[in-house]
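A.B. asks:
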């Protein structure tokens, strides 16, 4: 078949091979330059003095403490934010009330406010000089420069992720299935567990993974509230910065590599789950 | 079970979806709520099912005030316009849902649930499809599964919102007869909403013509045809 005849078969939305090739090249170059190259650099720097040096730097007590702290923060803030996110999305999509647009804006606030400002707010509210903070310190429960403050700061920054993923999905799905379950005699809680949760589980999983990645990587807000006490309140990102400023580049990049690997693992988990449940995802979307 | 609707009205904000309407439905009747969109027919059906609550008025089931019964307490088998099947569950699980949702003391044992689901699948003449998901069914099959799911809870009445709305003409005719057969076999008081006057006239014992939140006429199909009560009814049934 001649070129001219083939071109006639092209659908209206197809581009010419030249334009297509150009766009693909542009996209690949962008990803390579902006995403892949920096990631590779992190690992290259980490292993600059060999595997052993990299692993040894991770075995340092300060590094271990930072890893433990970061995982602890994620373990607190991700489930709490998932619960808040589900509640907020439920409230916003199932009820009509005055001030709904304002509430949605409020949920998005952490995206637009600088994390440093968020950290300062927590210091002002719960610091030793504030009324609440002073009382809590007197009781022996300091918030700022301690784990609770870091968890609060992380939760503030990662608050929108779950709700933002769920709201459009829940609006699109509507609540007919929930109504059907109610007419069949199910209680509100049973409807939530057996109908709503299965309907939103993929959006929820995606929101939780994003939330988790950001919770482990948060720097600005945590830098303000943590006080950066080495071995106590220094998270992985903060320890990385401190090591880097001290010209300990193998140690800094090894920890950075581990943080990157944790993020890559969450993405891998998501991909594997999606592959394994591909049929079911297709089934729930087609209907 | 007979249903007595007394002066029911419904406001959404300041707009009236239903002006006070009254309607007595005898036990075992097959009733059509007929009207154009915005006539309040679906609102009335949802009030019967307990999915909306009236702004004023009362609903009596068998002479007992049922106005404040929750949706679960009504035990109304409800078939939704787009069926609202649980897409992540198989047909079997969909039909068994209402039985499994019962409190432990009233819940039939597993084998009994399976037996009842099988019997319902036979009633809707789809005995082989228990293991399939809703997305693997045709529109007509989905409608029948939704009907079986509603019947599984041993409802006191059957409420259907545009049950044939999403189907093509041929399937619609078949399923009309299917609904008539199931109504006659179970003897359940059945109320369905439709905007299709032919469907209402052919299927129902009693037709309630509605417009703009008011009931225009209540009567047997042949009586409405012979003596339309208003210009609106005459225009609507000849359209």
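Residue numbers (full-length UniProt numbering), protein chains in the order written: chain B, 1 to 287; chain L, 1 to 239.
Every residue, glycine too, gets a C-beta built ideally from N, C-alpha and C.
Can you pull the chain L residues whose beta carbon is under 8 angstroms from the beta carbon of residue 217/B, in chain order?
C.D. replies: What residue 217/B touches in chain L: nothing, since even the nearest Cβ is about 33 angstroms away.
A.B. asks: Check the C-beta distance from residue 54/B over to residue 224/B and give it rounded, since I have them as a contact under 8 angstroms.
C.D. replies: Wrong, their Cβ atoms sit about 30 angstroms apart, outside the cutoff.
A.B. asks: Rounded to whole angstroms, what's the CA-CA distance from residue 230/L to residue 92/B? Just pull it up for me.
C.D. replies: Each residue's Cα considered, the two are about 44 angstroms apart.
A.B. asks: Within 8 angstroms of any Cβ in chain L, is that where the Cβ of residue 195/B sits?
C.D. replies: yes
A.B. asks: If you run the structure through DSSP and keep just helix, strand and coil, what is residue 224/L?
C.D. replies: helix
A.B. asks: Can you tell me which of 127/L, 48/L and 175/L puts its alpha carbon nearest to the alpha carbon of residue 61/L?
C.D. replies: 48/L
A.B. asks: Cβ closer than 7 angstroms: which chain B residues qualify as neighbours of residue 129/L?
C.D. replies: In chain order: nothing, as chain B lies at least about 14 angstroms away.
A.B. asks: What distance in whole Å lies between the Cβ atoms of residue 67/L and residue 58/L, which are believed to be in contact at a cut-off of 8 angstroms?
C.D. replies: Yes, residue 58/L and residue 67/L are in contact; Cβ-Cβ is about 5 angstroms, under 8 angstroms.
A.B. asks: Spatial neighbours of residue 170/B within its chain, please: CB distance less than 7 angstroms, with the 5 preceding and 5 following residues excluded, ordered by chain position.
C.D. replies: 89, 93 and 200
A.B. asks: Mind checking the segment 154-184 of chain L against chain B and listing, in chain order, the residues whose C-beta falls within less than 7 angstroms of any C-beta there?
C.D. replies: none
A.B. asks: Can you tell me whether DSSP reads residue 89/L as helix, strand or coil?
C.D. replies: coil
A.B. asks: Shortest alpha-carbon distance to residue 30/L belongs to which of 94/L, 146/L and 185/L?
C.D. replies: Comparing alpha-carbon positions, the option among 94/L, 146/L and 185/L lying closest to residue 30/L turns out to be 185/L.
A.B. asks: Would you call residue 235/L buried or exposed, if buried means 16 or more other Cβ atoms sit within 10 Å of its Cβ?
C.D. replies: exposed
A.B. asks: Give the interface partners of residue 76/L over in chain B, defined as CB-CB distance under 9 angstroms, in chain order.
C.D. replies: 183
A.B. asks: For residue 132/L, which residues from the same chain have a beta carbon less than 6 angstroms from its beta carbon, with the 5 sequence-adjacent residues on both sides left out?
C.D. replies: 91, listed in sequence order.
A.B. asks: Would you report the Cα separation of residue 36/B and residue 261/B, rounded to the nearest angstrom?
C.D. replies: 13 angstroms
A.B. asks: Tell me which same chain residues have a C-beta within less than 7 angstroms of the C-beta of residue 194/L, skipping the five on either side of it?
C.D. replies: 32, 34, 162 and 200
A.B. asks: Report buried or exposed for residue 1/B, applying the criterion of at least 16 other Cβ atoms within 10 angstroms of its Cβ.
C.D. replies: Any answer about residue 1/B is weak, because its pLDDT of 46 lies below 50 and its placement is not dependable; what the coordinates show is given next. Exposed: under 16 other Cβ atoms inside 10 Å.
A.B. asks: Between the segment 1-18 of chain L and the segment 40-56 of chain L, do at least 3 Cβ pairs fall closer than 8 angstroms?
C.D. replies: With a cut-off of 8 angstroms, the segment 40-56 of chain L and the segment 1-18 of chain L count as touching, because enough Cβ pairs lie within range.
A.B. asks: In chain L, what lies closer than 9 angstroms to residue 100/B by C-beta?
C.D. replies: Under the 9 angstroms cutoff, chain L gives no residues; its nearest Cβ is about 15 angstroms from residue 100/B.
A.B. asks: Scan the segment 112-126 of chain L for residues whose Cβ lies nearer than 8 angstroms to a Cβ of chain B and list them as they occur along the chain.
C.D. replies: Under the 8 angstroms Cβ criterion, the segment 112-126 of chain L contributes no residue.
A.B. asks: Measuring alpha carbon to alpha carbon, tell me which of 18/L, 151/L and 140/L ends up nearest residue 176/L.
C.D. replies: 140/L
A.B. asks: Taking its Cβ as the centre, do 16 or more other Cβ atoms sit within 10 Å of residue 271/B, making it buried, or is it exposed?
C.D. replies: exposed
A.B. asks: I want to verify the contact list: residues of chain L whose CB lies under 8 angstroms from the CB of residue 278/B, in sequence order.
C.D. replies: The premise fails here: residue 278/B is roughly 14 angstroms from chain L at the closest Cβ pair, so nothing lies under 8 angstroms.
A.B. asks: Please tell me whether residue 180/L and residue 95/L are closer than 8 angstroms, where the distance is taken between their beta carbons.
C.D. replies: no
A.B. asks: With distance defined between alpha-carbon atoms, name the residue in 227/L, 98/L and 232/L nearest to residue 113/L.
C.D. replies: Residue 113/L has its Cα closest to that of 98/L, out of 227/L, 98/L and 232/L.
A.B. asks: Give the single residue among 49/B, 18/B and 207/B whose Cα lies nearest to the Cα of residue 266/B.
C.D. replies: Of the candidates 49/B, 18/B and 207/B, the residue whose Cα lies closest to the Cα of residue 266/B is 207/B.
A.B. asks: For residue 2/B, name the three-state secondary structure that DSSP assigns.
C.D. replies: At residue 2/B the pLDDT is 48, less than 50, meaning the model places this residue with poor confidence and gives no usable figure here.
A.B. asks: With respect to the alpha helix (DSSP H) encompassing residue 103/B, which residues constitute its N-terminal and C-terminal limits?
C.D. replies: 100-112
A.B. asks: Mark residue 51/L as exposed unless 16 or more other C-beta atoms lie within 10 angstroms of its C-beta, in which case mark it buried.
C.D. replies: buried
A.B. asks: At a Cβ threshold of 8 angstroms, is residue 94/B touching chain L?
C.D. replies: no
A.B. asks: Compare the beta carbon distance of residue 255/B and residue 242/B with 8 angstroms and say whether it is the shorter of the two.
C.D. replies: no
A.B. asks: Against chain B, does residue 195/L count as a neighbour if the rule is that its beta carbon must be under 8 angstroms from one of theirs?
C.D. replies: no
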